[in-house]
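K.L.:
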């Protein structure tokens, strides 16, 4: 009732707005194969190819929007359509076997890639006026990866430390990223550029300035060891050294242990240092015709510039550094009798140099930006913040047989997680570029707690599953309240309350090789709360930035399986 009232109150036109999932047509093929070479070695290969055509909608451009309208072509406004063609492929081949005195060896080669061609239809480049086309090729992004791996491992069953496992290996990786320019009309500034938006509205094109191909190499070495020091005490450790051609070397490690206090009860813990290299997209992506909005709601050209560009250096960004993390965790495990299991763990993860897209950086006083046609603001991927995440996880399970043909399983999993901001980092020129709203989404945009409980019952050829998932509350700093609070200390944005979804599945297994399953996800058709104040001409009715669960409602599915 509340949602219906909000739709009526805000005059939301759900018939004109294009809402929901994108229309897509997907075709794919996958293989998984292997054959024995001799009594010690086996050849294997797996991979696949997928081709997908996707069509999605963009917000309405009403005729009253002076910067985006093209009344000569669309006198009643228009709804841009954004198709895309995607191709994915991956193939891995290798051999597995034993060398020396029983050392398990795996040598492999892998190649994978993704290519996306973007289009814009039923739209215009407003700056071209009546000369604008209504269909555009916007450009292409592509990524690729080549891997060479060698892994060797062995478990020793005898000696001073039985169950001593040793492993080591190496990996060579080549990564590539490319941008292809779109039609000139999709990004060029036409004669009306001072009063109209530039680029194909809804999906602006990649310009020749953004186009290019980039690549990097990475070589890694690792070693790991794990052993039962005594019958009740296990310790392990791993170390990995990597060298990237574009930002240098890094050392990662992990130490872990487990102590069995009594037969049904153990404590465990680990400490590790990890890292994540900047992705190729974060390092080299750019869009010089990216449209954003100023504080008054006016659209402006707000380019995304590469972190490696000369323009980025003017605001103190000299490429990207790797993100590093320090993780410490501890917990207990227990098996009570033959049917109950319990685990509980606590953890803390500190991430330094976290990469994110900057806020709108004021570049109006930098002559090079003004000369390049960007007199107001710009964005760049940057090592912006340091965060700390603390969490707790609890899992309980019960399973038991019912007669000779039945089995029941009860499971519950609870997780609680809080992320806080430890530091805002500045660029080399002292500019604080972390987007404050984006930072709030990292700390408050995901549920801080989640509870999932399920019941599985199998009897003879039939199976029933019921699962309830409770998602905690989330906040959206850009979701303004319909009524501004009188308390100056109160939140001025919307908090979305916790909600519970129920899933159900019924399975029938007529033979050992065949099964049929009917399922219902979100059985009671639950949706997130609507925005109190809809956005983008009343077409955005749900928050686009916080994620409790999907906005598609109830989903029915029928699955047929046959195992060869």
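In my numbering, the protein residues as written are 323 to 886.
C-beta atoms are modelled at their ideal positions from N, C-alpha and C, and glycine is treated no differently.
1. By how many angstroms is the C-alpha of residue 494 removed from the C-alpha of residue 469?
2. Measuring alpha carbon to alpha carbon, tell me which residue in 354, 347 and 343 is nearest residue 886.
3. What's the C-alpha gap between residue 332 and residue 862?
4. When you compare only the Cα positions, how much space is there between residue 414 and residue 717?
5. Output the boundary residues of the alpha helix (DSSP H) element that contains residue 405.
6. What beta strand (DSSP E) runs, 3 residues minimum, are completely inside the segment 713-799?
7. If you draw a straight line from the alpha carbon of residue 751 to that of residue 640, how long is it in whole angstroms?
8. Going by C-alpha distance, which of 857, 703, 649 and 817 is nearest residue 766?
9. Buried or exposed: residue 508, going by 16 or more other Cβ atoms within 10 Å of its Cβ?
10. Counting beta carbon pairs with one atom in the segment 688-703 and one in the segment 732-740, are three or more of them shorter than 8 Å?
11. Once the 5 residues before and after residue 669 are set aside, which same chain residues still bring their CB inside 6 Å of it?
12. Looking at the secondary structure, which residues open and close the beta strand (DSSP E) in which residue 503 lies?
13. Under 8 Å between the Cβ atoms of residue 356 and residue 366?
14. Could you tell me the alpha carbon to alpha carbon distance between residue 824 and residue 869, rounded to whole angstroms?
15. Name the two residues that bound the continuous beta strand (DSSP E) containing residue 473.
16. Within its chain, find whatever has a CB closer than 7 Å to the CB of residue 424; leave out the 5 residues flanking it on each side and keep chain order.
17. Please name the residue or residues paired with residue 597 in a DSSP beta bridge.
18. Report the residue from 527, 796, 830 and 575 whose alpha carbon sits nearest the alpha carbon of residue 821.
19. Under three-state DSSP, which class holds residue 508?
20. Only counting the same chain, and skipping five residues up and downstream in sequence, which positions put a Cβ closer than 6 Å to that of residue 563?
21. Do you know how far the Cα of residue 533 is from the Cα of residue 462?
22. By how many angstroms is the C-alpha of residue 398 removed from the C-alpha of residue 384?
23. Let me make sure I understand the geometry here. Which of 783, 611 and 380 has the alpha-carbon closest to that of residue 521?
24. Taking the straight line between their C-alpha atoms, what separation do you get for residue 837 and residue 828?
25. Could you give the DSSP three-state label for residue 852: helix, strand or coil?
26. State the beta-bridge partners of residue 437 as determined by DSSP.
27. Mapping DSSP to helix, strand and coil, what is residue 812?
28. Please classify residue 403: is it buried, with 16 or more other beta-carbons within 10 angstroms of its beta-carbon, or exposed?
29. Put residue 826 into one of helix, strand or coil per three-state DSSP.
30. Return the residue from the list 525, 866, 777 and 876 that minimises the CA-CA distance to residue 846.
31. Which same chain residues, not among the five before or five after residue 531, have their C-beta less than 7 Å away from its C-beta?
32. Do the segment 501-517 and the segment 576-587 make contact, defined as three or more Cβ pairs closer than 8 Å?
33. Would you tell me roughly how many angstroms separate the C-alpha atoms of residue 873 and residue 844, rounded to the nearest one?
34. Less than 8 Å between the CB atoms is what I'm expecting for residue 673 and residue 645, so what's the real figure, rounded?
35. Less than 8 Å between C-beta atoms, sequence neighbours within five positions excluded: which residues of the same chain meet that for residue 559?
36. On the three-state DSSP scale, how would you describe residue 554?
P.N.:
Result, derived from the coordinates:
1. Taking the straight line from one Cα to the other gives about 6 Å.
2. Checked all of 354, 347 and 343; the closest Cα to residue 886 is 354.
3. Confidence at residue 332 is low in this model, with a pLDDT of 48, below 50, so the placement of that residue should be treated as unreliable; the coordinate-derived value is given next. Inter-residue distance for residue 332 and residue 862 is about 11 Å (C-alpha atoms, whole angstroms).
4. So the alpha carbons of these two residues sit roughly 36 Å apart.
5. Looking at the DSSP string, residue 405 is not in any alpha helix (DSSP H); the run it does join, the beta strand (DSSP E), is 403-421.
6. Taking only runs of at least 3 residues, the beta strand (DSSP E) segments lying wholly in the segment 713-799 are 728-746, 771-781 and 784-793.
7. When rounded, the distance between both Cα atoms is 10 Å.
8. When only C-alpha atoms are compared, the closest one is 817.
9. It counts as buried.
10. Contact between the segment 732-740 and the segment 688-703 is absent, because fewer than three Cβ pairs lie under 8 Å.
11. Correct list, in chain order: 651 and 713.
12. Boundaries of the beta strand (DSSP E) harbouring residue 503: 486-503, taken from the DSSP string.
13. Yes, the pair counts as a contact, with Cβ atoms nearer than the cut-off.
14. Roughly 17 Å separates the two Cα atoms.
15. For residue 473, the enclosing beta strand (DSSP E) has its first and last residue at 457-478.
16. Only 476 meet the Cβ criterion.
17. Beta-bridge pairing links residue 597 to 646.
18. Of all alpha-carbon atoms in 527, 796, 830 and 575, the one lying nearest the alpha-carbon of residue 821 is that of 796.
19. Reduced to three states, the DSSP call for residue 508 is helix.
20. Same-chain partners within the cutoff: 543 and 573.
21. In a straight line, the C-alpha of residue 462 is about 9 Å away from that of residue 533.
22. Roughly 7 Å between the two C-alpha positions.
23. Among 783, 611 and 380, the Cα nearest to that of residue 521 is on 611.
24. Cα atoms of residue 837 and residue 828: separation of roughly 11 Å, rounded to the nearest angstrom.
25. Residue 852 falls in the coil class under three-state DSSP.
26. Here residue 437 is bridged, per DSSP, to 409 and 464.
27. In this structure, DSSP gives residue 812 a state outside helix and strand, which the three-state scheme calls coil.
28. Looking at its Cβ environment, which holds 16 or more other Cβ atoms inside 10 Å, residue 403 is buried.
29. It is a strand residue.
30. When each option's Cα is compared against that of residue 846, the closest is 876.
31. Excluding positions up to five away in sequence, the list reads 610.
32. At 8 Å Cβ cutoff, the stretches do not touch.
33. Rounded to whole angstroms, residue 873 to residue 844 spans 10 Å at the Cα level.
34. In this structure residue 673 touches residue 645 by the C-beta definition: roughly 6 Å separates them, less than 8 Å.
35. Same-chain partners within the cutoff: 546, 547, 548, 575, 576, 577 and 578.
36. Assignment of residue 554 by DSSP, reduced to helix, strand and coil, places it in the coil class.
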